[in-house]
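Taken in sequence, the protein lines are chains A and B.
FYI, in the working numbering the residues of the first sequence are 1 to 396.
FYI, in the working numbering the residues of the second sequence are 1001 to 1396.
We put the CB at the ideal spot given by N, CA and C, even for glycine.
Reading through the structure tokens given below for one structure.
2 protein chains.
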Amino acid sequence: MICNEKMYGLGAKRSVIRELFEYGKMRKAAVGEDKVYDFSLGNPSVPPPPAVKEALIKMLTEESEIALHGYTSAQGDKGTRDTIAAHYAEEYGFRLDPDMMYMTCGAAASLTITLNAIVKDPSDEVVTFAPFFPEYRVFTEKAGAKLVVCPPAAGLEIDVKAFESLLNEHTRAVIINSPNNPSGVLYPEEQVKAVAAALERAEAKFGTTIYLISDEPYRALVFDGKKATCFPSYYKDTVVCYSYSKSLSLPGERIGYIAVSPLATEAQELYLAVCGAGRALGYVCAPALFQRLVKACDGLTSDVNIYRENRDILYSALTEMGFTCAYPSGAFYLFVKAPSGDANEFSEEAKKMDILVVPSDSFGCEGYVRIAYCVSTDLIRRSLPAFKALAAKYFL
Amino acid sequence: MICNEKMYGLGAKRSVIRELFEYGKMRKAAVGEDKVYDFSLGNPSVPPPPAVKEALIKMLTEESEIALHGYTSAQGDKGTRDTIAAHYAEEYGFRLDPDMMYMTCGAAASLTITLNAIVKDPSDEVVTFAPFFPEYRVFTEKAGAKLVVCPPAAGLEIDVKAFESLLNEHTRAVIINSPNNPSGVLYPEEQVKAVAAALERAEAKFGTTIYLISDEPYRALVFDGKKATCFPSYYKDTVVCYSYSKSLSLPGERIGYIAVSPLATEAQELYLAVCGAGRALGYVCAPALFQRLVKACDGLTSDVNIYRENRDILYSALTEMGFTCAYPSGAFYLFVKAPSGDANEFSEEAKKMDILVVPSDSFGCEGYVRIAYCVSTDLIRRSLPAFKALAAKYFL
């Protein structure tokens, strides 16, 4: 092959999620939009808060187009970064430094830029917790490191002992994601503390710095009166990777940020490496209009109650039917055990009912399917008979 | 250093252009916006065509926000790609294949994705023509190859013999940019033909495929009744990298595309490698609203006459004052010879007059400065006395 085989492989073999999403589009065209229960994609179903449309139209109507659509500095609009840092301090009582924030084209860009800023040697390892978003592997390997997966404890929470045993002199970073995609699980505070303590022990033992990369696209989607974890408060060497895709329901617009904790070891160097990696990967600046939108709308959230209601309906119904899944306190995913233990078989059986759910093998956790319930509540309700018929195949 | 030193280096040592731009911002704050003649940045000064604002407001007002801001497929909105291919066929009589087009976050993303799709071995070489946009080096090296620079012929055109002598069994790609940043030169057709012939000879001689990457952010900005080159018509192994930053005056919005010529060797494989590289670098999809905007506005151009007028005034005035520069038929740059032969000295002397021009060393061509005349015609006129005073230092 003339071109790069690895890149060809990544392009030819689409992610399982994208694959199923494309199948869903075809299937909907064939049998009708309302006949397919498509739970494949984490594409928000709740519209953005009304302030988003208002702010966009106001800016487009009132502001100079040249200023509005012009380049920002590579780090991103200063006013936007100031606003984000101010809201973060209000919300979590922790002061991020606007001059250590870098606006990005969404969560994936936040992660690739951060990983490329950190990784320096092919022996480098990046640890993450199963189940995990499959692109972590793609991003880590492209950055030149090896992804090491920590298997989950019961309830899909963190097995801290297993985690600590995976840390070694090659560990350069850890990716954590809470609330978690694909499980919806919010890691309890005592586990976060234990992870931080294990990292501190490893830093001392190996004389290294291990950066904790907190991937937080679901930070704003937390239910039951709980609150997402402010990782920089627990562990100093933290980098927050945020995205507005889910909180403002703007997944196609690609807007988010990286915040290097001002407490991190060599924080200034790491921040400059983030700027350098953004540059080298071709990210000149994050989309300008949406940077300005973030200034206007950071802190607002799409109506989370709709996701909560979806979760309540689906979680109750599925567990009542006999399915098993970890209780999700955030995000918009249910991670359901395949009754036969075979995720692909279960996903294929579901497909026969026109239920599209993602088999879990690529999430580093065999024997589950992911249900993205970011769909209309009506679709959830209409899907229940199909789930019931599916359950009948296993539990009668 | 804990983080990646190369990335740190790229972040700590900003591009000379960005550096000067930041100096300009400070200086304007100190002495007044209208007192600084800032020719540092290729930031379009002409507003977008009126259809841009209209289309954005219309979409925001009339369309479902969920659809409008949702993910597109990774390749980009199909309707947008169809529209671009149709316009391209009308304009150049060459049929691009919409299914071999990939929407990107602008020209830099187009280049990094294409380079990462092609480069496979550290011995790989990518050739480009001086003077060249300095980020070519950054993007090529990050993709894992070596940048080889072909020095220019007289008039900053292509020295085809020198070019051919640089092609070898390691040559994987060539980056061409016409109209050129930083010189504004549009390469004449006979040189394009000679470059294509040299590439074909090299492919035959070495038994390799050499992809020609045509970086075309300035394709729509061509004056004097001339027309930009349709590279796929001249050389089959071509990849077009386009950006709407300059043609629609939307540089901050990061929107462009990659089109693999359907005639290229292993075109389908290369296209899939492009999709894979986009994925691995964290480009989930190009910004959705602006993809849809492109569907509405592709083919339109900001008022090019303003740039032409700026060029006419500045080119006449500077050459009359004694300065020398290649005649620019496109883009919005003049590349002026430093009278002393020392670009940095000249740029510093200009700074004393509050004229900000970029020294050429990083463009692979010593002894020039780049003047980005994408500023108001009024600023051009007001800058002339300062240029005159500058000329007096050298030519009296």
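Any non-hydrogen atom of the ligand FMN within 7 Å of residue i CB
i	result
residue 1189 (chain B)	Looking at this structure, you won't find the ligand FMN or any other ligand, since it has none at all.
Partners in chain B for residue i, counting only beta-carbon separations shorter than 9 Å
i	result
residue 299 (chain A)	Ordered by position in chain B, no residue passes the 9 Å Cβ test against residue 299 (chain A), which lies about 18 Å from the chain.
residue 120 (chain A)	1001, 1002, 1003, 1004, 1005, 1006, 1007
residue 57 (chain A)	1056, 1057, 1060, 1061
residue 117 (chain A)	1003, 1004, 1007, 1008, 1011
residue 205 (chain A)	Within chain B, no residue comes near residue 205 (chain A); the closest Cβ sits about 16 Å away, beyond 9 Å.
Residue i - DSSP class collapsed to helix/strand/coil
i	result
residue 225 (chain A)	coil
residue 1050 (chain B)	helix
residue 1 (chain A)	coil
residue 215 (chain A)	strand
residue 1101 (chain B)	strand
residue 330 (chain A)	strand
residue 1370 (chain B)	strand
residue 275 (chain A)	helix
residue 1355 (chain B)	strand
residue 112 (chain A)	helix
residue 1014 (chain B)	coil
residue 1380 (chain B)	helix
residue 313 (chain A)	helix
residue 323 (chain A)	coil
residue 187 (chain A)	coil
residue 338 (chain A)	coil
residue 1198 (chain B)	helix
residue 1286 (chain B)	coil
residue 232 (chain A)	helix
residue 182 (chain A)	coil
residue 1038 (chain B)	strand
residue 151 (chain A)	coil
residue 391 (chain A)	helix
residue 1407 (chain B)	Outside the shown range of chain B, which is 1001 to 1396, sits residue 1407 (chain B), and nothing can be said about it.
residue 176 (chain A)	strand
residue 1239 (chain B)	strand
Sub-8 Å separation of residue i and residue j beta-carbons
i	j	result
residue 176 (chain A)	residue 214 (chain A)	yes
residue 254 (chain A)	residue 1294 (chain B)	no
residue 1060 (chain B)	residue 56 (chain A)	yes
residue 1068 (chain B)	residue 1219 (chain B)	no
residue 147 (chain A)	residue 335 (chain A)	no
residue 456 (chain A)	residue 115 (chain A)	As displayed, chain A neither begins before 1 nor continues past 396, which places residue 456 (chain A) out of reach and without an answer.
residue 1187 (chain B)	residue 1158 (chain B)	yes
residue 1374 (chain B)	residue 1122 (chain B)	no
residue 1258 (chain B)	residue 265 (chain A)	no
residue 83 (chain A)	residue 286 (chain A)	no
residue 1276 (chain B)	residue 1117 (chain B)	yes
residue 198 (chain A)	residue 163 (chain A)	yes
residue 1018 (chain B)	residue 11 (chain A)	no
residue 304 (chain A)	residue 338 (chain A)	no
residue 365 (chain A)	residue 179 (chain A)	no
residue 1226 (chain B)	residue 1110 (chain B)	no
residue 1377 (chain B)	residue 1310 (chain B)	yes
residue 332 (chain A)	residue 1282 (chain B)	no
Nearest-angstrom Cβ-Cβ length linking residue i and residue j, presumed shorter than 8 Å
i	j	result
residue 1307 (chain B)	residue 1221 (chain B)	6 Å
residue 113 (chain A)	residue 240 (chain A)	Actually they are not in contact, since the Cβ atoms of residue 113 (chain A) and residue 240 (chain A) sit about 13 Å apart, beyond 8 Å.
residue 1357 (chain B)	residue 1039 (chain B)	5 Å
residue 1135 (chain B)	residue 1015 (chain B)	7 Å
residue 354 (chain A)	residue 35 (chain A)	6 Å
residue 1323 (chain B)	residue 1391 (chain B)	7 Å
residue 1065 (chain B)	residue 47 (chain A)	5 Å
Under 8 Å from the C-beta of residue i: neighbouring residues of chain A
i	result
residue 1274 (chain B)	7, 11
residue 1108 (chain B)	282, 283, 284
Neighbouring residues, chain A, relative to residue i (Cβ below 7 Å)
i	result
residue 1201 (chain B)	Chain A residues near residue 1201 (chain B): none, gap ~18 Å exceeds 7 Å.
residue 1043 (chain B)	70, 71
Chain A contact residues for residue i, given Cβ-Cβ distances below 9 Å
i	result
residue 1254 (chain B)	105, 254, 283, 284, 285, 286, 287, 288
residue 1048 (chain B)	65, 66, 69
Closer than 7 Å at the beta carbon, the chain B residues around residue i
i	result
residue 72 (chain A)	1252
Beta-carbon neighbours of residue i, restricted to chain B and to distances below 8 Å
i	result
residue 78 (chain A)	In chain order: nothing, as chain B lies at least about 11 Å away.
residue 249 (chain A)	1065, 1066, 1069
Going along the chain, which unbroken runs of the alpha helix (DSSP H) with 4 or more residues stay wholly within the segment 1114-1149 of chain B?
1135-1142
If the cut-off is 9 Å on Cβ atoms, which residues from the segment 1128-1142 of chain B count as contacting chain E, listed in chain order?
Judged by its chain identifiers, the structure shown contains no chain E, and its protein chains are A and B.
Beta strand (DSSP E) segments (min. 3 residues) lying fully within the segment 1241-1270 of chain B
1256-1260
Kindly provide the ranges of any alpha helix (DSSP H) runs that are 4 or more residues long and lie completely inside the segment 1045-1095 of chain B, ordered along the chain.
1050-1062, 1065-1069, 1078-1092
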